[in-house]
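Numbering (the numbering used here), first residue to last: 11 to 240. In this text, a Cβ means the ideal position worked out from N, Cα and C, and glycines have one as well.
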Amino acid sequence: MLAQASPWYTHAAQRTAATPAHALAAPARMEWSTHAGLGPGAEILGRDLCGKHILELGCGPGHNVAHLAEHHQARVTGVDLVGLQVRRARSHYGHIDGAMFAVGHALHHLQATGHTFDAIYSVFGAVGLVAPELLLAALSRRLKPGGVLAFSVPHPARAGRHPSTDDRPREDYVTMPDRTRLPLTRWEFDTSRWDTHFSRTGLRISSTVELRHPRRDPWPTTLLITARKR
11 MLAQASPWYT HAAQRTAATP AHALAAPARM EWSTHAGLGP GAEILGRDLC
61 GKHILELGCG PGHNVAHLAE HHQARVTGVD LVGLQVRRAR SHYGHIDGAM
111 FAVGHALHHL QATGHTFDAI YSVFGAVGLV APELLLAALS RRLKPGGVLA
161 FSVPHPARAG RHPSTDDRPR EDYVTMPDRT RLPLTRWEFD TSRWDTHFSR
211 TGLRISSTVE LRHPRRDPWP TTLLITARKR
């Protein structure tokens, strides 16, 4: 019921109806933005990812999981709240060694798994959509010492908005494939507020990148943050 009440279920259902899932080749690069080719790629997770254990929170149809498994020989698990998305991901990329997919809430998965990871990442996924005081503590526990957390979120100053001035979530909207918009709640922090939350959980920001399409976007649209576990 939690998944079906989510706008992401509607998003996945519309995608599935429009384009039946089938096997795909792994994408040539990892994407952190809605604009392909914009910004860094997989290198921000580490210089050598071969054999590394990596977790994606909110994997969607699995494109980044497939890239990391195929082109970097990493062992990657993608978790998504919506079973439809996981079925699509398995249909697309289940043939790729090292690419694994699981249905579950990001926080519950982190609390239940007994594994630790060299890197955990989220691309418009769980980070920013789950209460930071709960999610970041769980993330930190599942990262190995020196491990990397990387995530991209909608930039808090996109389209003239302003970052949150407190720790409460704000109402936002997500656009469906059919162009309708559905509401959700999101934590929209600037870098300094994210850093405050990280410091409580043993994480330290190592880099921040603001992404925008140079011809289409007058404001930055994506905030990409990388942190390490002390």
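Residue i, enclosing alpha helix (DSSP H) - first and last residue
i, result
"Glu119", "One detail in the question is off: residue 119 reads as His in this sequence, not Glu. Residues Ala116 to Ala122."
"Thr185", "First-last for Thr185: Arg180 to Thr185, but that is the beta strand (DSSP E), not the alpha helix (DSSP H)."
"His207", "Thr201 to Ser209"
"Arg97", "Gly93 to Tyr103"
"Ser216", "Per DSSP, Ser216 belongs to no alpha helix (DSSP H); it is in the beta strand (DSSP E), Leu213 to Leu221."
CB of residue i within 7 Å of CB of residue j, strictly
i, j, result
"Ala160", "Leu55", "yes"
"Pro224", "Glu198", "no"
"Arg168", "Thr218", "no"
"Ala109", "Val75", "yes"
"Ser132", "Leu67", "yes"
"His102", "Leu34", "yes"
"Val89", "Gly114", "yes"
Residue from the options with nearest C-alpha to residue i
i, options, result
"Leu9", "Ile130, Gly170, Gly68 and Ala23", "Any answer about residue 9 is impossible in this case: the structure gives the chain only from 11 up to 240."
"Trp42", "His77, Pro155 and Ala27", "His77"
"Trp204", "Thr20, Asp177, Glu220 and Pro193", "Asp177"
"Leu221", "Gly51, Thr20 and Ala35", "Gly51"
"Gly72", "Val140, Asp58, Pro155 and Val92", "Val92"
"Trp18", "Gln121, Gly88, Phe134 and Thr87", "Phe134"
Span separating the alpha-carbon of residue i from that of residue j
i, j, result
"His32", "Arg97", "10 Å"
"Leu144", "Leu117", "8 Å"
"Ser150", "Gly157", "9 Å"
"Leu234", "Val163", "7 Å"
"Asp188", "Arg240", "44 Å"
"His243", "His172", "Residue 243 is absent from the model: the chain starts at 11 and stops at 240."
"Thr29", "Arg210", "43 Å"
"Val184", "Ile64", "27 Å"
"Leu94", "Pro155", "34 Å"
"Ser174", "Arg57", "34 Å"
"Pro179", "Pro142", "10 Å"
Residue i (DSSP reduced to helix, strand or coil)
i, result
"Thr26", "helix"
"Glu242", "For residue 242 there is no data in the structure shown, the boundaries of the chain being 11 and 240."
"Ser16", "coil"
"Gly170", "helix"
"Ile106", "coil"
"Ala79", "helix"
"Pro142", "helix"
"Leu55", "helix"
First and last residue of the uninterrupted beta strand (DSSP E) at residue i
i, result
"Cys109", "The residue asked about is misnamed: residue 109 is Ala in this sequence, not Cys. Unbroken beta strand (DSSP E) run through Ala109: Ala109 to Val113."
"Pro164", "Leu153 to Pro164"
"Thr44", "Neither: Thr44 is in no beta strand (DSSP E) and is coded neither H nor E."
"Gly72", "Element bounds for Gly72: n/a, residue is neither H nor E."
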